[in-house]
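Residue numbers (the numbering used here): 1 to 297.
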């Protein structure tokens, strides 16, 4: 198993689309360069923020190939490999090409609403199907079921290639329980930009960020300061972005992130159905906050 350092700010990359809804690979390449030049510690490809359910298998392969070729091993690349059919995920892990991929991010099975034992058995099968490091992803707001601290810890203790959890339950008590009782070789990563700072003070190692798509330099600086114990300066940056982070998710993810990147001139403000762009009122609020954030952190 290859080791991976998950400390710092990972960015859940968006998928830019052209006006005709085809993937804008040129814009994606620019976004990857933007991340590489501005302090991002690792990239997460084909996660929720990438609108992965709306991509074809060929588009997914081309996106991964582009990102891996752009990164050239300079920072780790984490690939989203999840689903609600355990057998399909296992087959993918056994047979797909993972050259240039440093770890996988695998979400708790959605829609089926498995029991805690079902979640455990799902991750057991995934762990046994690959030697790659595995990051669990708990996001009950999307999956319909919460992976409890007890289940997370059980998986972490039983499977050595399960190295971290991206926690987006919104339950600080649950996250703190995991941090307090986790094995030494297991990390807790914030899955919500807005609680990254307080979670780091409890012992999390960083964040897989959405706002980092647009502000990699500033948000990675906040994470780095917090990890180094410089809480006062980290808190200043955290507070500077709280309003924008809230606006980011008013109309869903990645609609907010794409509105910000569009206002900054990086991409077309285009999503694939069933997702749609932010409302005009939200977009105008985002533009106003962006003007206020023009001063460097």
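Beta carbons are placed, not taken as given, at the ideal position from N, Cα and C, and that holds for glycine.
Sequence-distant residues of the same chain with beta carbon closer than 8 Å to residue i, five excluded per side
i           : result
residue 296 : Its pLDDT being 43, under 50, residue 296 is placed unreliably in this model, and the value from its coordinates should be taken loosely. Closer than 8 Å at Cβ, skipping near neighbours: 218.
residue 38  : 216, 217, 220
CB of residue i within 8 Å of CB of residue j, strictly
i           : j           : result
residue 245 : residue 170 : no
residue 179 : residue 204 : yes
residue 151 : residue 119 : yes
residue 84  : residue 110 : yes
residue 113 : residue 73  : no
residue 139 : residue 165 : no
residue 15  : residue 257 : no
residue 96  : residue 70  : no
Option in the options with minimal Cα separation from residue i
i           : options         : result
residue 75  : 59, 42, 96      : 42
residue 189 : 228, 46, 163    : 163
residue 40  : 5, 255, 63, 61  : 5
residue 3   : 80, 187, 286    : 187
residue 176 : 282, 283, 149   : 149
residue 9   : 249, 282, 191   : 191
residue 77  : 51, 90, 107, 35 : 35
residue 285 : 57, 251, 223    : 251
residue 268 : 7, 20, 11       : 20
Euclidean distance between Cα positions of residue i and residue j
i           : j           : result
residue 273 : residue 54  : 8 Å
residue 13  : residue 259 : 14 Å
residue 45  : residue 212 : 13 Å
residue 288 : residue 281 : 11 Å
Contacts around residue i, its chain only, beta-carbon distance under 7 Å, and the 5 residues preceding and following it disregarded
i           : result
residue 183 : 156, 157
residue 231 : 201
residue 94  : 129
residue 127 : 134, 159, 161, 162
Beta-carbon contacts of residue i that lie in its chain and below 6 Å, excluding the five residues immediately before and after
i           : result
residue 59  : 23
residue 226 : 197, 200, 234
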